[in-house]
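Structure first, then comments.
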Amino acid sequence: MLKKVIQLFFLSSELEEFIGLCPKVMVFRNGTVFDIFENEKVNADTLLEGMFGQTAGIGETTISSKSNTPLMPTPNRKIDNEIPEKKIF
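The sequence shown begins at 69 in the numbering used here and counts up by one.
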């Protein structure tokens with residue numbers, strides 16, 4: 069018996085639209101897939117951490133991907149999570 073698989077791609081910046089609706093969420097950052105969250109890990113805290121590289125805690129910063137690199141790297145593209153210096157002209 070063949071099983072029919074249906075996939076749906078849903079794009080949004082509204083977290084509420086993903087939580088409780090999507091069993092798997094891919095977070096893109098800098099034009100590449102940065103993190104993939106599945107099932108119980110699809111919540112506001114983990115999605116925000118993946119989107120911005122920060123936890124929900126005030127003043128606490130973490131990198132959401134263990135390797136600090138995108139899952140699907142772009143050739144000749146450096147991923148820099150440093151905050152650039154402000155320049156006054």
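Think of the CB as a built atom: it goes at the ideal place given N, C-alpha and C, for glycine as much as any other residue.
- Nearest in C-alpha terms to K109, of all of V93, E82, T100 and F78, is V93.
- If you draw a straight line from the Cα of C90 to the Cα of V73, it is about 15 Å long.
- Secondary structure of E106 (DSSP, three-state): strand.
- Excluding its 5 nearest sequence neighbours in each direction, S81 has no C-beta neighbour in its own chain below 7 Å.
- Excluding five sequence positions before and after I87, the CB atoms of its chain that fall closer than 8 Å to its own CB belong to V110, N111, A112 and L115, given in chain order.
- The residue from L70, K71 and E85 with its alpha-carbon nearest to that of F77 is E85.
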